[in-house]
Amino acid sequence: MTDRRRINGPAGTTIPPIFEDTSNKEDANSVKGRTRAPDAVRKMFLRTGVTPTASGSAYLEYESSAKSGVSGIKLSCTVHGPRSLPRSSPFSPHIVLSTHVKYAPFATKQRRGYLRDPSERDLGTHLETALRGAIIADRWPKSGVDIIISVIEGDQDRASSGPQSDETWDMMNVLSGCITVASAALADAGIDCVDTVAGGVAALVQGPSEDTPPSVVVDPIPSEHERILGACCIAYLPTRDEVTNLWFKGDLPASEMDLYTKLVENGILASASASKVLVDCLKDALA
Amino acid sequence: MASQIHVNLSPAELAYLHASLSLTPPIRPDGRSPDQYRPLSAETGILPGTNGSARICFADGTEAIVGVKAEVEKTGRRWDDDTIFLEGGGDDEEGGDKEKGSTQQGGNKEWVELTVEIPGQRDDDSATVFLAQMLSEALLADGGFVERLKINRGWHWKLYLDILLISPPLSYPLPLLSLTTHLALLSTRLPRLKSEGDEDPFFDDDWAAAPYLYPRDKKARPPVTLLVMAVGNNIIFDPAKEELAVADVVLAVSVADVADRKGKGVEDEDMDVDGRKLKLLSIRTVDPPSRLTPPGVPNASNTAYGHASAGATQQKMPEARAVESEAVEGVWKAPRGGAKLAVMGALVQKVLQKGGVADEVLDALEAVDLS
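Protein chains in written order, with the working numbering: chain V, 150 to 436; chain R, 13 to 383.
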């Protein structure tokens with residue numbers, strides 16, 4: 150029996166209307182490609198001590214892209230601890246580090262749930278690897294520290310109607326931000342580190358046409374490039390000249406080792422720029 | 013995480029192990045050469061209810077089973093699908109399909125579901141998630157794998173890879189799980205398609221006629237993830253638990269053989285002698301468990317060896333902390349900081365070099381009889 154009192158939707162499945170990309174049109178105002186130099190990172194804003202209740206905290210924001218509809222990254226990090234471990238936990242000669250990275254439900258184009266999904270747990274593990282190398286862990290036996298990062302805005306092209314194939318590259322950008330902001334928050338909490346660790350991303354991108362050879366850029370925004378062939382995220386200790394975390398992903402012929410080396414070098418370049426911001430911010434906080 | 017695998021070694025044992033692994037050539041506790049894998053026994057086709065399965069047992073007693081199951085699934089219509097008529101688009105159906113085909117419309121990473129089960133660990137534990145993400149990252153990195161799962165424009169295979177470690181995790185299980193997954197994918201067969209074009213798929217019910225997901229006569233092979241670590245200047249492959257406990261840096265490097273991919277940039281001079289063309293798919297730093305090992309106490313600051321007073325002097329001296337961080341020869345200290353770039357580069361180089369370990373591992377897996 151059909152329901153005649155209400156206006157029902159169509160019986161079959163439908164697809165939501167998707168409008169043609171405005172960027173396809175020849176619009177003088179729209180910015181298409183990358184406006185920065187290949188070796189220039191986006192501007193960032195970093196401030197420590199934003200959350201008074203936490204023992205250390207920091208907030209990081211990346212400049213949003215010149216292309217409209219592309220949001221930047223906004224990250225907030227709190228550090229709780231060092232504090233004593235619960236009595237039930239086993240003895241640890243080092244500080245027990247636990248990292249949580251959580252996207253806010255509204256941080257990306259597709260809504261995120263309240264439970265951490267595998268990609269967020271994965272980011273947490275990467276962050277833990279990056280920080281564990283920097284923290285001097287044996288100064289706090291029998292204690293723990295929690296590092297909690299909420300991603301308020303996660304670097305995605307909201308205007309485009311395209312598929313979400315860029316998600317993994319966005320994850321790298323977010324991870325590099327997470328490393329930098331966590332490092333600032335750790336310094337704010339007064340936890341001893343060997344150096345301030347900073348994150349940076351470099352990517353191998355396809356040129357505007359198929360014939361041009363791929364080029365290496367730092368701090369890529371996926372929507373600004375035709376196609377990303379590979380990217381690497383690096384956590385770098387500038388004064389020690391050491392890398393605590395390296396995450397490379399892509400599709401690179403084994404014969405092109407120099408391309409890989411170039412990618413890593415550019416990643417370090419990006420981390421070094423982030424590190425400058427980090428050091429300036431920490432100096433400002435002291436002054 | 014690797015760091016959660018507890019090693020019950022004393023600081024003195026760790027120092028000894030570190031010293032012997034830093035020698036040239038390194039002396040490993042089990043007598044292997046630096047780039048030698050643990051001996052293993054492998055078999056495929058052990059699970060009759062799956063499309064492909066494999067079991068690998070390492071000599072140290074760790075054992076893993078992988079089952080691959082496939083289901084036919086309707087491909088959701090997508091924004092760039094030709095069935096959706098964009099205003100001003102849609103008329104270049106022929107050309108557009110060909111050009112975009114390999115990259116955008118080839119497949120979706122949601123067509124592969126990979127789960128890792130490790131006894132004694134929750135499945136949402138970050139270590140397990142990290143392993144699963146690492147394995148699926150390698151599988152999905154080049155998009156060539158999901159392309160194989162496409163049946164026609166309306167239908168595709170959904171592949172479930174279930175990776176079970178059936179022994180307790182005696183060592184970091186990554187190499188074991190990766191090799192087993194590789195074998196299971198090699199032995200995976202999908203029913204032969206009888207229907208043509210964009211019809212609803214209809215399959216041959218003769219299992220013997222089912223083609224392999226990775227055809228035997230072609231060169232392309234699924235990825236393998238190799239665990240490699242550095243101690244001092246030495247590079248060590250497939251480290252055991254004890255060796256990981258003194259590692260300076262541990263990397264997981266995923267490579268795959270893509271010899272027959274028709275993509276651009278495949279030139280003949282890139283080819284190996286045996287036609288193998290390795291591709292680097294992903295690299296991840298694994299947190300070495302060495303960072304969580306207990307430090308040794310040098311005699312100079314040990315009260316049992318005549319060092320006058322532990323508490324009193326340290327509290328008074330502000331430079332006590334500086335003393336603390338100084339390394340003493342022969343006394344174990346958990347590594348601090350990261351790795352030099354040159355060391356990491358050397359690790360990757362060693363994996364990728366022609367005739368290197370990656371080639372050797374792929375050759376060995378090739379030799380496994382697929383039943």
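We treat Cβ as the ideally placed atom computed from N, Cα and C, and that holds for glycine.
With fewer than 16 other CB atoms across the displayed protein chains lying within 10 angstroms of its CB, V/Tyr-263 is exposed. With respect to chain V, the C-beta atom of R/Arg-348 has a partner C-beta closer than 9 Å. Put simply, the backbone Cα of R/Ala-242 is about 22 Å away from that of V/Gly-416.
Look at R/Ile-295: its C-beta is under 9 Å from a C-beta on chain V. Taking CB atoms only, V/Ala-403 has a neighbour in chain R less than 9 Å away. Contact between R/Gly-349 and V/Glu-391 holds: CB atoms are separated by about 5 Å, below the 8 Å threshold. For V/Ile-417, no beta strand (DSSP E) run applies; the uninterrupted alpha helix (DSSP H) run containing it begins and ends at 406-435, by DSSP. The way I'd put it, the segment 404-413 of chain V does touch the segment 375-387 of chain V; three or more beta-carbon pairs between them come closer than 8 Å. Excluding sequence positions up to five before and after V/Thr-197, its CB lies within less than 6 Å of the CB of Ala-207, Ala-333, Asp-337, Ala-434, all in the same chain and listed in chain order. In the three-state reduction of the DSSP assignment, V/His-243 falls in the coil class, being assigned neither a helical nor a strand state.
Pairing R/Ser-22 with R/Lys-289, the inter-Cα distance amounts to about 44 Å. Annotation: R/Lys-291 to R/Val-267 spans about 5 Å, alpha carbon to alpha carbon. DSSP places R/Lys-81 in the uninterrupted beta strand (DSSP E) bounded by 75-86. What R/Glu-149 touches in chain V, judged by beta-carbon distance under 7 Å, is Lys-398, going in chain order. When rounded, the separation of the alpha-carbon atoms in R/Ile-247 and R/His-30 is 13 Å. Within chain R, the C-beta atoms nearer than 9 Å to that of V/Ala-286 come from Arg-303, Leu-304, Ala-346, Arg-348, in chain order. Shortest Cα-Cα distance from R/Arg-204 to any of R/Lys-366, R/Val-270, R/Trp-169 involves R/Trp-169. Within chain V, Glu-277, Thr-278, Arg-281 have C-beta atoms less than 7 Å from the C-beta of R/Asp-299, given in sequence order.
For the 9 Å CB-CB criterion, R/Leu-186 and R/Val-78 do not form a contact. For a Cβ distance threshold of 8 Å, nothing in chain R lies close to V/His-229: the least Cβ distance comes to about 18 Å. Only those residues of the segment 259-273 of chain V whose C-beta falls short of 7 Å from the nearest C-beta of chain R are listed: Pro-267, Arg-270, Asp-271, Gly-273. Classified as exposed, R/Ala-221 has fewer than 16 neighbouring CB atoms from the shown chains inside 10 Å of its CB. Within the DSSP secondary-structure output, V/Pro-402 pairs in a beta bridge with R/Lys-291. For V/Pro-369, the closest Cβ of chain R is not nearer than 9 Å.
Under the Cβ distance rule, R/Leu-161 does not count among the residues neighbouring chain V, no pair being separated by less than 9 Å. V/Leu-386 is positioned such that its CB atom lies closer than 9 Å to that of V/Thr-393. Interface residue (Cβ-Cβ distance to chain V less than 9 Å): R/Ser-138 is classified as such. Contact annotation for V/Leu-386 against chain R: Gly-349, Gly-350 [CB-CB distance below 8 Å, chain order]. DSSP places V/Glu-316 inside the alpha helix (DSSP H), whose first and last residues are 316-338. The segment 299-309 of chain R makes no contact with the segment 419-432 of chain V; the number of CB pairs closer than 8 Å stays below 3.
Ranked by how close their Cα comes to the Cα of R/Ser-34, the residues R/Gly-342, R/Ile-178, R/Leu-377 have R/Gly-342 in first place. The continuous beta strand (DSSP E) containing R/Asp-174 extends over residues 167-177. Within 8 Å of the CB of R/Gln-361, the CB atoms of chain V belong to Met-406, in sequence order along the chain. Along the segment 250-308 of chain V, the alpha helix (DSSP H) occurs as fully enclosed runs of 4 or more residues at 267-281, listed in sequence order.
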